[in-house]
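A.B. asks:
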Amino acid sequence: MIRNLKIQYRILIGLGSIVLLLAISISLTLFQIRTAKENSDRIVNLRVPTALASSNMAKDIYASLASLRGWMLTGSPGFKIERAKIWEEIAKTKTVMDTLSKGWTNTENIEKWENFTAILGDFSAAQNQVEAIAHTEKARPATKILISKAAPRAEKMLQLITAMINIEISGQGSKDIDSKAVIGVMADVRGSLGESLASIRAYLLTGNIKFRNEFTKQWAKNEARTVDLSRLTSQLSPEQNTAFNEFNVLRTEFSSLSARMFTIRISKQWNMATFLLVKDAMPRANMLLSLLLGGYEEDGTHFTGMVESQRDLLENDNNLQTNRINSLFTMQKGLLFIGVTFGLFISLLIARSISAPVASMTTAMRRLAAGDLDIDIPAQDYTDEIGSMAKAVQVFRQNAIERRRIEKEQIETMRELDFQKYALDAHAIVSITNAKGEITYVNNKFCEISGYPRKELIGESHRIVKSGDHSMEFYEDLWKTITNGKLWHGEIKNLKKGGGHYWLDATIVPFLNKKGKPFQYVAIRTDITERKESETKALKAQKEAEIANRAKSEFLSTMSHELRTPLNAILGFAQVMELNRKEPLMKKQKSYVDHIIRGGNHLLELINQLLDLTKIEAGKVSLSIEGVRLDVLCQECIFLIDKQAKNRGLNITSDIGTTQYIKADYVRFKQVLLNLLSNAVKYNHDGGTIKLACEEISDEMIRVSVTDYGPGIAEDIQGGIFEPFNRLGKDSGEIEGTGIGLTITKQLVEAMDGHIGFESELGKGSTFWVEIPAMDGTVEIMTEQDKSPERIGTDDKISVNTTILYVEDNPANLHLMESIISNMDGVSLVSAHNAELGVSIAEEKLPDLILMDINLPGMDGIAAKKALGLIDKTKDIPVIAISAAAMKSDIERGKTVGFKAYLTKPFNVSEVIKTIETELGA
Ligand code: ADP
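Numbering (our numbering), first residue to last: 84 to 1005.
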């Protein structure tokens, strides 16, 4: 297919394919790089900052907790400052994470981050609360009760008891009781109170249970001693009692305060900052860190934090990136390989489809230029420039070959021409003349035959040898032909120098210039003087032969005519005698007359057949070949021969089984069949059988056979059966014959493109057969039934006083006719011995019928008929021709002038009677 493309399209397709491949590979690479870049961007702008921010966040959460603890433990304001800075960092990180989170794809992480920010706020608030509360009174509520309420009451109680002691010591105290004992009780109350207060202080400070137990012990002792003291109140002074009452009120209050302090101290809220840290801040910190870093559920299952997730994502992206780069690398290698291979392939293809043919053509052209024509031209199926080049080279080569061939031919022709000229000069008489007709060249033979030396001919016109024996037109035609540039060929008679002639068979060839005008004429001639002379002789001989032949025909015709006329009288009178009802013949006479009639008929038959044979041999029989229906013809022949057969008691059977048409002349084929049938009748045993059969032997031929069961023909004499006048030894026998029936039959059959043959066995009989061409298709029946001469006699009576005029110069014939007519009732005959007289008698007598002889002295019968036709009175009188001119042409001619019938001499008396009766009576 590529071979049908023009080079430019081939290159375009080749380079286009490479560019396409390049575009595909670059597009693929760009796509891969873009994906890798997107991945990279995600790593750099999202994954890494997210991971970084996440871990910063975790670190800052830890750091914020650490600095809070630092503050809580030391109360150093440096920690507060540090924590504030950390939270600034956390806020920044949070902003970053907020921005980054918008680029996240993991919805879980996005949810986690939203969760994270909510918790982060709470976490910050909790830390602030812890920081604010640490190192304040609110931080230790039990201690606060001790300092603000319990300790002052204890101090007051100690003052009151001390005052009571002092009163006792001063003696102004109790009465009726031992003052020392009272002081002792009071001192125990004061001591145990002091111990209790100290134990509370120690317990609140350390939380150590031992101090709490100590307090319980001291407070119980204080209780006991206070009870002891209260029992002494009646002995105590009023001042002491007042003090003691106040003391008891305070003691009750102190007792409930100490209970509250212990309750607080053993509760978690004893240190509020730590409590809040643990209750609010730490769980949030843990939640935040879990969200960031992951951790374990209570059931031990691990959950992934944002940092870990980011790390995984980063790792995934990293892996993806690595894979992308690897596949890009692989793809690039593949593309490089395909590109190189395809590029090479395309280059090769282009090179092969262009450079190879170009190279081979270049070689071909170089070899062509060097004259080497035996080259291999590249294939011709290109439709492009290469194809054109190849074609051009091929045309050039063809032209070169043609030129070479022509050159060779020219050389050959020249050589041949030389030979031919040599041969021509050796054989022919050659001369060349120019356009003006002046001789420019003559060969030796010309000089020899014309008797002129060359120098007397050159420059002369051909008139020098003109014999003048030909007509002017002959020379004009010759000259006209050759000046029109056409070749002239003919035979010409020329004049020799000094008299005498010679004949030439001449061809004059005009040589034409470019305008088509003759510039010279080459005449080539052969001496045909001898042939011409013998031709003249032969012509003379032929003419003589023709004259002789004509003489023979005329002789035969005359003979026939001359013989027919007396025969007419012989047969006619014999028949008149035979048929004469008025004077019937005696038996013996009848037998003589019979002999006369038979002999006469035989002679007549012989004359007829002889004439026929002469005509056939002279090729004068004109056949009218038509489609003839065979069965009809056969039936007609059987009908015609029937009477003859019956005379011998013969039975004719037929097996015609065909309605086929044959190509034949009706009349002549009937003659053929009748001849065979008549032979079968003649050469048969009395009472025997004849069989007529027809069969289609092929699509083209039909065979008609006539079989008799007569004596047959001996094998040794069969060979001469178709020879004229050969009767195979029957000449001396009883059976009459001429011996030319089969000769005529064979010639007629062959003239109708048929064959004739026979098989015969001595003693058994013979079969004569004729094969005749069949007619294809169906045709109108050409029937000659109407022509059947057998007319059964008419019973019509001729009207009385009928006159017949007979124009006849021969008295015997006249006499015969008179005898015939005399047998016809009511008919009278007038006669005229020449035509002129006949016409005037006709005009005068107006006969009912005229019988006209044709061969009359002076005006003949035909002219007389014409003359009668011109006269009104006579033009309608029927005229029957009676003539010895039995030739077909005579009969035809007779019919054209309007004879009612044409009877030939010697006439058959019955036929004459029948014809007359028909014309008069019908
Ligand atoms: P013709 O019958 O007038 O003698 P033909 O030319 O018809 O002449 O026949 C030539 C000869 O052939 C006859 O004389 C006869 O001897 C022989 N011939 C023809 N037909 C038959 C036949 N059917 N049987 C025997 N011989 C025949």
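Note that beta-carbon positions come from the ideal geometry of N, C-alpha and C, so glycine has one too. Computed from a predicted model, the values in this text were never measured in an experiment.
With distances taken from CA atoms, which of Ser147, Phe199, Glu171 and Glu197 is nearest Glu214?
C.D. replies: Ser147
A.B. asks: Check this for me: beta carbons of Ile721 and Ile735, under 8 angstroms apart or not?
C.D. replies: yes
A.B. asks: If Lys528 and Ala506 are in contact, beta carbons under 8 angstroms, what's the gap, nearest whole angstrom?
C.D. replies: Between Ala506 and Lys528 the Cβ distance is about 12 angstroms, and since that is not below 8 angstroms, they are no contact.
A.B. asks: What does the Cβ neighbour count give for Asn762, buried or exposed, with the cut at 16 atoms within 10 Å?
C.D. replies: buried
A.B. asks: On a Cα-Cα basis, can you pick out the residue from Glu901, Glu556 and Thr190 that is closest to Asn663?
C.D. replies: Glu901
A.B. asks: Does the ligand ADP have a heavy atom nearer than 7 angstroms to the CB of Thr821?
C.D. replies: Thr821 Cβ: within cutoff of the ligand ADP.
A.B. asks: With a threshold of 7 angstroms, establish whether the CB of Tyr766 neighbours any heavy atom of the ligand ADP.
C.D. replies: yes
A.B. asks: Considering Ile429, what are the terminal residues of the alpha helix (DSSP H) in which it resides?
C.D. replies: Run containing Ile429: Met389 to Ile433, per the alpha helix (DSSP H) assignment.
A.B. asks: With Gln210 as the anchor, note down where its alpha helix (DSSP H) starts and where it stops.
C.D. replies: Thr190 to Ile216
A.B. asks: Just verifying my parser: in three-state terms, what is the DSSP assignment at His572?
C.D. replies: strand
A.B. asks: Let's test the definition: count the other Cβ atoms within 10 Å of the Cβ of Asp791 and tell me whether it reaches 16, buried, or not, exposed.
C.D. replies: buried
A.B. asks: Is there at least one non-hydrogen atom of the ligand ADP closer than 7 angstroms to the beta-carbon of Asn691?
C.D. replies: no
A.B. asks: Is Leu825 close to the ligand ADP? I mean its beta-carbon at under 7 angstroms from any heavy atom of the ligand.
C.D. replies: True, at least one ligand heavy atom lies under 7 angstroms from that Cβ.
A.B. asks: Write down the C-beta distance between Leu939 and Val890 rounded to the nearest angstrom, noting that I regard them as a contact closer than 8 angstroms.
C.D. replies: 7 angstroms
A.B. asks: Tell me which same chain residues have a C-beta within less than 7 angstroms of the C-beta of Ala141, skipping the five on either side of it?
C.D. replies: Leu372, Leu375, Leu376 and Val390
A.B. asks: Is the beta carbon of Arg731 within less than 7 angstroms of some heavy atom of the ligand ADP?
C.D. replies: no
A.B. asks: Thinking C-alpha only, which one of Ile484, Lys474 and Ile429 is nearest Pro440?
C.D. replies: Lys474
A.B. asks: Using a Cβ-Cβ cutoff of less than 8 angstroms, which residues in the same chain neighbour Ser253 once the five nearest sequence positions on both sides are dropped?
C.D. replies: Closer than 8 angstroms at the Cβ level, and outside the excluded window around Ser253, lies no residue.
A.B. asks: Is Asp791 near the ligand ADP, going by C-beta to nearest heavy atom under 7 angstroms?
C.D. replies: Annotation for Asp791 indicates a beta carbon within 7 angstroms of some heavy atom of the ligand ADP.
A.B. asks: In or out: Val476 buried (at least 16 other Cβ within 10 Å) or exposed?
C.D. replies: buried
A.B. asks: What does the Cβ neighbour count give for Met344, buried or exposed, with the cut at 16 atoms within 10 Å?
C.D. replies: Buried.
A.B. asks: Note down, in chain order, each residue of its chain lying with its Cβ closer than 6 angstroms to the Cβ of Leu595, except the 5 sequence neighbours on either side.
C.D. replies: Gly568 and Pro601
A.B. asks: Going by DSSP, what residues sit across from Trp852 in a beta bridge?
C.D. replies: Ser788 and Gly840
A.B. asks: According to DSSP, simplified to helix, strand and coil, what is Pro132?
C.D. replies: helix
A.B. asks: Would you call the region 676-695 and the region 724-735 in contact, with 3 or more CB pairs under 8 angstroms?
C.D. replies: no
A.B. asks: Reducing DSSP to helix, strand and coil, say where Thr299 ends up.
C.D. replies: DSSP places Thr299 within a helical segment (H, G or I) once states are collapsed to three.
A.B. asks: Candidates Gly426, Asp205, Thr1001 and Ile109: which alpha carbon is nearest Ala368's?
C.D. replies: Residue nearest to Ala368 within the set Gly426, Asp205, Thr1001 and Ile109 is Asp205 (criterion: CA-CA distance).
A.B. asks: CB Thr133 to CB Leu183, shorter than 8 angstroms?
C.D. replies: yes
A.B. asks: Is the beta carbon of Val659 less than 8 angstroms from the beta carbon of Ile903?
C.D. replies: yes
A.B. asks: Decide if the region 410-423 is in contact with the region 102-114; the criterion is three or more beta carbon pairs, one per stretch, under 8 angstroms apart.
C.D. replies: yes
A.B. asks: Give me the Cα-Cα distance between Lys635 and Thr697, rounded to the nearest whole angstrom.
C.D. replies: 10 angstroms
A.B. asks: Whose C-beta lies closer than 7 angstroms to the C-beta of Lys928 among residues of the same chain, with five residues either side of it excluded?
C.D. replies: Thr886, Leu888 and Val913
A.B. asks: Please confirm whether any heavy atom of the ligand ADP lies closer than 7 angstroms to the CB of Ser849.
C.D. replies: yes
A.B. asks: Could you give the DSSP three-state label for Glu806: helix, strand or coil?
C.D. replies: coil
A.B. asks: Please classify Tyr92: does DSSP put it in a helix, a strand, or coil?
C.D. replies: Annotated three-state conformation of Tyr92 is helix, per DSSP.
A.B. asks: What is the DSSP secondary structure of Thr335, counted as helix, strand or coil?
C.D. replies: helix
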